[in-house]
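This note's numbering numbers the first residue of the sequence shown as 9 and each following residue consecutively. The structure appears below as structure tokens.
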Amino acid sequence: MVGMKIAGTIDFRHDGTNDIVISRPRWTLETSVDVMRWYQMHASYFGARFQDKKDVIVVNDAFDVSPKVGTLWGQYRARLHESYIRFSVRVNNNARVRLTTNTSAARYSISALECASVEEAIAAIVGARQVNDSVNKGVNES
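Take a look at the structure:
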């Protein structure tokens, strides 16, 4: 149809070697319907494929969040973390996505970590796993 706006998409890829999901949203979230669809695409992907929370790298070079839905997006980003995500790192945030991500991180105590490349993000997640394993080992030995 002429003039019909096509909603965004998200490409998901599971890196089996590192056991990390790499997602790349291609979308500008402008309405609450966009946010709900964005959330549902994530929930459907993770819920259908994995039993446990996954580590995630989000490549945001084709993603943006309109200020009018930033708060709602932050709430649903937090829900994703609560249900499906353990460690997460973002790559290529623009200034607006960075601000919105940092705001939701502060409000909901979720990750706002950002790296310059996917390779750096993988290294950050591997490092976070090691720290987590060490902390858990120490707690279990107490």
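Positions of the beta carbon are idealized from the N, C-alpha and C atoms, including for glycine.
Item: Under DSSP, the beta strand (DSSP E) around F95 begins and ends at which residues?; Value: I93 to V99
Item: Tell me which residue opens and which closes the beta strand (DSSP E) that A70 is part of.; Value: A70 to V73
Item: Just confirm the distance between the C-beta atoms of K61 and R94, as a whole number of angstroms; I'd bet it's less than 8 Å.; Value: 4 Å
Item: How many angstroms separate the CA atom of D69 from the CA atom of S91?; Value: 25 Å
Item: Thinking just about the alpha-carbon of each residue, which of C123, N144 and R137 is nearest to the one in I65?; Value: C123
Item: Please check the pair A132 and L121, which I expect to be a contact at CB under 8 Å, by giving their CB distance rounded to whole angstroms.; Value: 6 Å
Item: Under the rule that 16 or more other beta-carbon atoms within 10 Å means buried, what is V134, buried or exposed?; Value: exposed
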